[in-house]
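What follows is a set of notes on a single structure, which appears directly below.
Numbering (mature numbering (1 follows the signal peptide of the UniProt record, and there is no 0)), first residue to last: -26 to -1, 1 to 365.
See the structure below:
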């Protein structure tokens, strides 16, 4: 605290005498020295008055990174795989957020185990480096393809994510790793817990005694992890791999599970698996809280062919943390969506993810009409959803 000079003290006591003689009670009046406040005719240090602090971060998510054979063949350089050029057009949007989460649907075990495509995927490790280059700093690994090539590929993939410094969630190397909550501490002082679960693994059984290899949707386990996350972090973001493939609206199971998450106090739910976009919504929890959900973010990068299979999105929202004394409040606001489109030639080459609003009729017949329809579809339950249309 700054020292009060004789002049400052004289002014303060003169002011108190004036207030007392007039019989006036002032609830808060800042004195000449900014470190002193006259409150109800008492001099108190300003430092003892609670300070209101507001901090914000942004969180972005993208849909399925599902590397089919034509995609990794197109990325081949003659000495390795380079996926970064495929993502350059959306890099500004991905790198702008504090945290950007990708649904890495195919394991990145690399060439050591033999690359493979549908129905059992193993992808080049270089897709991980490309995602990091464009701003992704967290990946969800809990999906129906997690066990495609077995435990060895999962372990190899996790080693690559660790080497890249990218947070992974939903598949783990051992029980201790599984019990270690994924909490990202941001520079802004807002901590974010990431949780992830899948409906199943395409009929491939989880190895006995190794449930840690993939998180399966189980309400009892989810409730326990959510409770731990509440104690450890400011915000809880849950990735759910669920729903019916190629259906553009969520089914009853999806809705009930999101309601369960809202009732537990999860702040936002990011959905994957249908390979097409499903709408965003606000869900009220049993405590009156609001949970943000986007039921499916569709495909981000894949070789799936139909119109809606080629449309994905970058979903972004803001987390606001207000602190006043010993009280804290978290608010999720300003959800936005950038619809994306996977371009490629008829000979399955030149793959590129681009903002959908930039498409010409030569690139997609009726591009503007399709874009308008996507905006209407995605905002049907959330009229305030904003759509990004520029850097």
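Virtual Cβ for every residue (Gly too), placed ideally from N, Cα, C.
task: Give the straight-line distance between the Cα atoms of residue 48 and residue 288, rounded to the nearest whole angstrom.
output: 23 angstroms
query: Are the Cβ atoms of residue 240 and residue 280 separated by less than 8 angstroms?
result: no
task: Please name the residue or residues paired with residue 76 in a DSSP beta bridge.
output: 36 and 113
task: Could you pull out every residue in the same chain whose Cβ sits closer than 6 angstroms to the Cβ of residue 277, ignoring the five residues on either side in sequence?
output: 42, 44 and 45
message: At the level of alpha carbons, what is the spacing between residue 273 and residue 92?
response: 15 angstroms
message: I'd like to know whether the C-beta of residue 131 is nearer than 8 angstroms to at least one C-beta of chain D.
response: No chain D appears in the structure shown, which is made up of a single protein chain.
- request: Could you tell me the distance, in whole angstroms, from the CA atom of residue 105 to the CA atom of residue 172?
  value: 22 angstroms
query: Cα-Cα, which of 79, 298, 307 and 363 is closest to residue 25?
result: 298
query: In chain order, what residues of the same chain have a beta carbon less than 6 angstroms from the beta carbon of residue 326, not counting five sequence neighbours either side?
result: 60 and 317
message: I'd like to confirm the pairing. Which residues does DSSP put opposite residue 236 in its beta bridges?
response: Note: residue 236 sits in no beta bridge, so no partner.
message: Taking DSSP's pairing of strands, which residues face residue 159 in a bridge?
response: 165
- prompt: How many angstroms separate the CA atom of residue 37 from the CA atom of residue 76?
  reply: 6 angstroms
message: In whole angstroms, give me the CA-to-CA distance for residue 347 and residue 308.
response: 21 angstroms
message: Using only CA atoms, which one of 53, 70 and 282 lies nearest to residue 270?
response: 282
query: Using DSSP with H/G/I as helix, E/B as strand and the rest coil, what is residue 297?
result: strand
- request: Please report how far the alpha carbon of residue 140 lies from the alpha carbon of residue 150, in whole angstroms.
  value: 18 angstroms
message: Let me check one thing: in DSSP terms, what residues is residue 379 bridge-paired to?
response: The requested residue 379 does not occur in the structure, where the chain is confined to residues -26 to 365.
query: Buried or exposed: where does residue 28 fall if 16 or more other Cβ atoms within 10 Å of its Cβ makes it buried?
result: exposed
field: Range covered by the beta strand (DSSP E) that runs through residue 343
entry: Looking at the DSSP string, residue 343 is not in any beta strand (DSSP E); the run it does join, the alpha helix (DSSP H), is 341 to 352.
field: Per-residue burial, residue 179 [other beta carbons within 10 Å of its own, 16 or more giving buried]
entry: exposed
Distance between residue 310 and residue 361 (C-alpha atoms, nearest Å): 6 angstroms
field: Proximal residues to residue -14 (C-beta, below 7 angstroms), its chain only, five neighbours per side dropped
entry: Because the pLDDT of residue -14 is 33, which lies under 50, any placement of that residue in the model is unreliable, and the number read from its coordinates should be weighed accordingly. Around residue -14: no qualifying Cβ.
- request: Name the two residues that bound the continuous alpha helix (DSSP H) containing residue 270.
  value: No alpha helix (DSSP H) contains residue 270, which is instead part of the beta strand (DSSP E) from 264 to 271.
Identified DSSP bridge partners for residue 31: 293
- request: Name, in chain order, the residues that DSSP records as bridge partners for residue 329.
  value: 314
- prompt: Taking the Cβ atom as the reference point for each residue, do residue 372 and residue 133 lie within a distance shorter than 8 angstroms?
  reply: Absent from the structure is residue 372, since the part of the chain shown begins at -26 and ends at 365.
field: Rounded straight-line distance, which links the Cα of residue 253 to that of residue 351
entry: 7 angstroms
- prompt: Can you tell which of 33, 331, 69 and 39 has its C-alpha closest to the C-alpha of residue 249?
  reply: 39
field: Three-state secondary structure (DSSP) of residue 218
entry: coil
- prompt: What are the uninterrupted segments assigned as beta strand (DSSP E) that are 3 or more residues long and contained completely in the stretch 78 to 146, given in chain order?
  reply: 112 to 114 and 141 to 143
message: Taking the alpha-carbon of residue 290 as reference, which of 343, 52, 237 and 69 has the nearest alpha-carbon?
response: 69
field: Closest residue to residue 188 among 121, 102, 238 and 154 (Cα-Cα distance)
entry: 121
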